[in-house]
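Counting in our numbering, the sequence shown runs from 279 upward without gaps.
Notes for the one structure printed next.
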Amino acid sequence: MDKILVTGSAGQLGTELIQMLCEVYGPDAIIASDINHNAAKKFPFCSFIALDVMDQVSLRKVIISENVTQVYHLAAVLSASAEQKPLMAWDLNMDSLLILLDLAKELKLDKIFWPSSIAVFGKESPKENTGQNSVQTPNTVYGISKMAGERWCDYYHQHHHVDVRSIRFPGLIGYKAKPGGGTTDYAVDIFHKAISGASFQSFLKKDTRLPMMYMPDAIQATLDLMEAPKESITVRSSYNLAAMSFTPEEIYLELKKYYPDFSINYVPDYRQEIAANWPQTIDDLQARKDWNWQSKFDLSQMTKDILTNLPNWLDKF
Numbered sequence: 279m280d281k282i283l284v285t286g287s288a289g290q291l292g293t294e295l296i297q298m299l300c301e302v303y304g305p306d307a308i309i310a311s312d313i314n315h316n317a318a319k320k321f322p323f324c325s326f327i328a329l330d331v332m333d334q335v336s337l338r339k340v341i342i343s344e345n346v347t348q349v350y351h352l353a354a355v356l357s358a359s360a361e362q363k364p365l366m367a368w369d370l371n372m373d374s375l376l377i378l379l380d381l382a383k384e385l386k387l388d389k390i391f392w393p394s395s396i397a398v399f400g401k402e403s404p405k406e407n408t409g410q411n412s413v414q415t416p417n418t419v420y421g422i423s424k425m426a427g428e429r430w431c432d433y434y435h436q437h438h439h440v441d442v443r444s445i446r447f448p449g450l451i452g453y454k455a456k457p458g459g460g461t462t463d464y465a466v467d468i469f470h471k472a473i474s475g476a477s478f479q480s481f482l483k484k485d486t487r488l489p490m491m492y493m494p495d496a497i498q499a500t501l502d503l504m505e506a507p508k509e510s511i512t513v514r515s516s517y518n519l520a521a522m523s524f525t526p527e528e529i530y531l532e533l534k535k536y537y538p539d540f541s542i543n544y545v546p547d548y549r550q551e552i553a554a555n556w557p558q559t560i561d562d563l564q565a566r567k568d569w570n571w572q573s574k575f576d577l578s579q580m581t582k583d584i585l586t587n588l589p590n591w592l593d594k595f
């Protein structure tokens, strides 16, 4: 049986993506992996392998022995965490991608998915409706690694015919995993604080607008892209993707509708500077045109859905 390997499975995106992959392709076809052995308990419904993506020998062995034909490479150090350990983040984010791309070339894998980010853009990029081919001047370790990664993906496709596909994700918001060290993760943590009755301290200013996306939209976009015919994929670096944009104040006011006594205070830190250089809204016309992308959730719909489901997940963290 052909199998799909997911690296970095224990993260926010991987936790939910694997559940959907199991629904679509069947649990026997999915292998979750993570460097953290304890992550196995998250995936009782499919195979799990403890795997260090920096270990090319082990990765190659798993791909061959398990008959892996597709890899979703999610292992990464995220934006805020990467600023604390820049060299470690660069090594993991870049070397693991290059190891996988080279294995895809050697072993002739069918498809690779690798997530990029709006962090590839910088202060010289347009703030509104940032286009697919807008100038990229990232000023974070994470953004620099994603920009370089996009070029490597395009290179391996152009020169070695590796079918690698990618999405520049905005901030991702879900309720099935804890915040993972990203600059937009305040929009995950704020729900936990509201439900617990605690006040929320925002590390971004109240009017800092950023592109965001609810996890079900992100998962659907990933599956849609990977299922699209090869000939319809015109972007081999990474596709812009959009759903909604909001500020800390706007999501706070949305939560106040459900929790009138919920309070917030703003104490901007180093993450404010990161966010200030990112786009506020994204133009994703190319994704809509090439593989019919369309988001389903806005801020109010997302808030209602998270508040309905998050309480049932709190004891699983």
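No residue lacks a Cβ here, since even glycine has one placed at the ideal position from N, Cα and C.
It should be emphasised that the depicted structure is a prediction, and the values quoted were computed from it without experimental measurement.
The same chain holds no residue with a CB closer than 7 Å to that of residue 433 once the five nearest residues on each side in sequence are set aside. Between residue 383 and residue 436, the alpha-carbon positions lie close to 12 Å from each other. When DSSP assignments are scanned along the stretch 360-445, the uninterrupted stretches of beta strand (DSSP E) that are 3 or more residues long and fall wholly within it turn out to be 389-395. About 3 Å separates the Cβ atoms of residue 452 and residue 493, confirming a contact at the 8 Å cut-off. Look at residue 349 here: in three-state DSSP terms it is strand. With a cutoff of 8 Å on beta-carbon distance, residue 357 and residue 418 are scored as near each other. By the criterion of a C-beta distance shorter than 7 Å, residue 499 is surrounded in its chain by 445, 519 and 571, once the five residues flanking it on both sides are discounted. Separation of residue 461 and residue 516 (C-alpha to C-alpha, rounded to the nearest whole angstrom) is 20 Å.
A distance below 7 Å between beta-carbons, with the five flanking residues on each side excluded, links residue 392 to the following residues of its chain, in chain order: 351, 375, 427, 431, 442 and 444. Around the beta-carbon of residue 495, 16 or more other beta-carbon atoms lie within 10 Å, marking it buried. Secondary structure of residue 489 (DSSP, three-state): strand.
Judged by their CB atoms, residue 394 and residue 403 are not nearer to each other than the 8 Å cut-off. Our two residues, residue 307 and residue 586, have alpha carbons roughly 31 Å apart in a direct line. Collapsing the DSSP output to three states places residue 484 in coil. The shortest C-alpha to C-alpha distance from residue 329 to any of 551, 287, 303 and 345 is the one to 287. Residue pairing of residue 308 in beta bridges, as defined by DSSP: 282. Note on geometry: alpha-carbon atoms of residue 578 and residue 526 lie some 14 Å from one another. Within the model, the alpha-carbon separation for residue 346 versus residue 281 is close to 5 Å. When secondary structure is reduced to three states using DSSP, residue 317 falls in the helix class.
Straight through space, the alpha carbons of residue 543 and residue 305 are spaced by roughly 44 Å. Between residue 503 and residue 512, the alpha-carbon positions lie close to 11 Å from each other. Our two residues, residue 480 and residue 547, have alpha carbons roughly 9 Å apart in a direct line.
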